[in-house]
Amino acid sequence: MIRHLYFHIPFCPKLCPYCSFYVETGAKNKTTRFLEALLRHVESAGDAHELRPETIYFGGGTPSALTCQQLEYLLGGLRERLDLRAMREWTFEVNPATVRADKAKVLRDDVLYAVRQKHQDLLTQLAVSIQGYLAIDLVRKNNLELIKGVDRATTTTISALRTAVIVAQALANQKLVLDQITALNTTTANLIESTSQLLATQGVAIQRQSAEATIGIQSLQRSFDNVYQAMDSIDTFKVAALDSMKQTIGTLQGEIDKAQSYLTRVRVSDGKSTSGNDLNLSL
Ligand code: SF4
């Protein structure tokens, strides 16, 4: 790749006596053909090599000896044939005696404009690069802060969390104990209150009971009445039973008396004497 080009413009208004360069003077009829040949040479060089010029130098001779039209033809032809995106520097040898305002304008428009445009592009790229660098640096610093944050999270925050958990557990245990104490106090108070109420009511009942007879007098009277009634019923039953028993005894005695004759008949039939052994079954 070719990055630096030199174009020799071998024309001068006059030949200096000390000049050692190849120079032609008074050859205005050759200038146009020379410029055409120069551009064709650029084309052929572009076919043989990759031309990405960063600097172009116009020397001589006296390049500023070219007319405005010749300069525009030369510079316009180079722009058409060369990739000038990498251009950083244009150099143009000038003889002040050959430059007028119109020629200076051509040089400024065709050369200085391109140079400044490139300069502007370079500055833009530089600004973008600086902005990117600053952004990357900021991202890097932020990443460092994030790393510190993670480190703090794994140390300080975790430690704080552990402490908070321990405190929370302690508070929860205290709450449980407090609830149990409260429940115990409440139960005790309720028990005391209920026992006091029971004592109040039950004490009166006890005093009342102690003041009263052990067995109610009415119950005792009813018991006596029942006893009396039972004794009367027994006596009545006995009286009735005596009559019944007397009647039963009479019936039985009759039957026994009746059976005596039958017993005697049996003994006689069996040949055995029953004298002296008579059975007296009277009651
Ligand atoms: S090249 Fe320079 S020294 Fe030679 S004649 Fe031209 S102006 Fe003079």
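Residues 11 to 293, numbered by this note's numbering, are exactly what the sequence shown covers, in order. No residue lacks a Cβ here, since even glycine has one placed at the ideal position from N, Cα and C. Every value quoted in this text rests on a predicted model; they were computed, and no experiment measured them.
Three-state secondary structure (DSSP) of residue i
| i | result |
| --- | --- |
| F247 | helix |
| Y16 | strand |
| T284 | In this prediction, T284 scores a pLDDT of 49, lower than 50, which makes its location untrustworthy; no coordinate-derived value is stated. |
| L25 | coil |
| R110 | coil |
| I66 | strand |
| F102 | strand |
| T261 | helix |
| L61 | strand |
| T274 | helix |
| T35 | strand |
| T77 | coil |
| T164 | helix |
| I225 | coil |
| M11 | coil |
| S254 | helix |
Continuous beta strand (DSSP E) stretch holding residue i: start and end
| i | result |
| --- | --- |
| H51 | H51 -> not in any beta strand (DSSP E); alpha helix (DSSP H) instead, spanning K38 to A58. |
| L92 | Taken as a continuous stretch (DSSP letters only), L92 belongs to no beta strand (DSSP E), as it is neither H nor E. |
Beta carbon of residue i nearer than 8 Å to that of residue j
| i | j | result |
| --- | --- | --- |
| F17 | E34 | no |
| R13 | R62 | yes |
| K38 | L81 | no |
| S74 | V121 | no |
| L76 | T41 | yes |
| R91 | V138 | no |
| R98 | T65 | yes |
| G71 | F102 | no |
| L45 | Y83 | yes |
Residue from the options with nearest C-alpha to residue i
| i | options | result |
| --- | --- | --- |
| L117 | W100, T173, E53 and A107 | W100 |
| V104 | F68, K268, P27 and T173 | F68 |
| P5 | P23, V177, I146 and D147 | Beyond the ends of the chain as shown, which are 11 and 293, falls residue 5; an answer cannot be given. |
| K115 | L144, R162 and C78 | C78 |
Boundaries of the alpha helix (DSSP H) in which residue i is found, first to last residue
| i | result |
| --- | --- |
| G213 | I168 to A221 |
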